[in-house]
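Here's the structure, in structure tokens; my notes come after.
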Amino acid sequence: MPTPPVTGPLCTRDTLAADLRALGVRDGETLLVHSSLKSLGWVAGGAVALVQSLLDTLGETGTLVVPTHCGDNSDPAHWGRPAVPEEWWEPIRAAIPAYDPLITPSRGVGVVPETVRTWPGAVRSAHPQTSFAAIGPGASRITEGHALDCLLGERSPLARLEETDARVLLLGAGYDSCTSFHLAEYRVPGPVAQVSFAAATPHGRRWVTVQDTALDSDRFDELGADFERDRPVVRGRVGAAGCRLFPVRDAVAYARRWLETHRPHDA
Numbered sequence: 643m644p645t646p647p648v649t650g651p652l653c654t655r656d657t658l659a660a661d662l663r664a665l666g667v668r669d670g671e672t673l674l675v676h677s678s679l680k681s682l683g684w685v686a687g688g689a690v691a692l693v694q695s696l697l698d699t700l701g702e703t704g705t706l707v708v709p710t711h712c713g714d715n716s717d718p719a720h721w722g723r724p725a726v727p728e729e730w731w732e733p734i735r736a737a738i739p740a741y742d743p744l745i746t747p748s749r750g751v752g753v754v755p756e757t758v759r760t761w762p763g764a765v766r767s768a769h770p771q772t773s774f775a776a777i778g779p780g781a782s783r784i785t786e787g788h789a790l791d792c793l794l795g796e797r798s799p800l801a802r803l804e805e806t807d808a809r810v811l812l813l814g815a816g817y818d819s820c821t822s823f824h825l826a827e828y829r830v831p832g833p834v835a836q837v838s839f840a841a842a843t844p845h846g847r848r849w850v851t852v853q854d855t856a857l858d859s860d861r862f863d864e865l866g867a868d869f870e871r872d873r874p875v876v877r878g879r880v881g882a883a884g885c886r887l888f889p890v891r892d893a894v895a896y897a898r899r900w901l902e903t904h905r906p907h908d909a
């Protein structure tokens, strides 16, 4: 069977940086990036080259932020991809290593966040499931204070990003990955959920259960389409990837109004 041809375009650190600047990414800004590396084309240097291009574009005074979530540090009773036998649940709860921001790998968010997580000088927030990693002068302020009972709310990096007028770059990613919409879920009435994970505490490793806002991204594509229709969103391409660029603050404010209308909650 013949080998399938490589698909392009060919992207390099320099061409990606040029595309990012043409899109409107600014020197010195704070940028939350949700990314799909494969959507770019053929990248010489892979994820490392893309991270380099982002840092080149943001410059020495800019800050790069990515989600470094760990969905596998969770209650196995809720796993479905794949599900595990019920008799395994307690042994798994007892065995999952406590979250360590230095060594716990991200999962389910792509290769670029994992590259940022391990980058020299990167810092990472403290939540065992929904951490963010950042590089740049604003990294510590954005990532500090991520509370265990606040997945993506007021005591998470998302709220700090909103305060600092950061922007979101969907780099080949869809609105279903837009974590900023989740911050709006904390600002409207809605259900709560029990959230469990292995965490490091002053008393050692513990299996911790907290009550938090129940997050639901099922309609975020619809929400994103309405947001893009009604609010200024920069659209363009980096390599072959379709991209969208917009302020965190605008996304949160719009999502709050949208959720109040489209996802009413009976208290």
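Numbering (our numbering) for the sequence shown: 643 to 909.
Heads up, the beta-carbon is just placed ideally off N, CA and C, and yes, glycines get one too.
Spatial distance of residue i from residue j (CA atoms)
i           : j           : result
residue 909 : residue 838 : At residue 909 the pLDDT is 44, less than 50, meaning the model places this residue with poor confidence; the figure from the coordinates comes in the next sentence. Each residue's Cα considered, the two are about 24 Å apart.
residue 665 : residue 803 : 20 Å
residue 849 : residue 820 : 29 Å
residue 971 : residue 767 : Outside the shown range of the chain, which is 643 to 909, sits residue 971, and nothing can be said about it.
residue 770 : residue 871 : 35 Å
residue 710 : residue 748 : 5 Å
residue 861 : residue 888 : 19 Å
residue 732 : residue 696 : 42 Å
residue 657 : residue 866 : 28 Å
Limits of the beta strand (DSSP E) - the one that residue i falls within
i           : result
residue 613 : Nothing can be reported for residue 613, as the shown portion of the chain is limited to 643 through 909.
residue 676 : 672 to 677
residue 838 : 834 to 843
Check whether residue i and residue j have beta carbons under 8 Å apart
i           : j           : result
residue 855 : residue 795 : yes
residue 740 : residue 891 : no
residue 881 : residue 662 : no
residue 902 : residue 834 : no
residue 699 : residue 667 : yes
residue 815 : residue 677 : yes
Nearest to residue i (by Cα), restricted to the options the options
i           : options            : result
residue 756 : 841, 792, 707      : 707
residue 826 : 898, 654, 771      : 898
residue 777 : 900, 749, 673      : 673
residue 798 : 682, 781, 725, 751 : 781
N-terminal and C-terminal residue of the alpha helix (DSSP H) that residue i is part of
i           : result
residue 890 : 890 to 904
residue 866 : 862 to 872
residue 826 : 822 to 827
Distance cut-off 7 Å: residue i Cβ against heavy atoms of the ligand COA
i           : result
residue 906 : Only the bare structure without any ligand can be found here, which leaves the ligand COA out of the picture.
In chain order, each alpha helix (DSSP H) run of at least 4 residues that lies wholly inside the region 735 to 818: 753 to 759, 781 to 785, 799 to 805
Complete beta strand (DSSP E) runs within the region 665 to 728 (minimum length 3 residues, chain order): 672 to 677, 705 to 709
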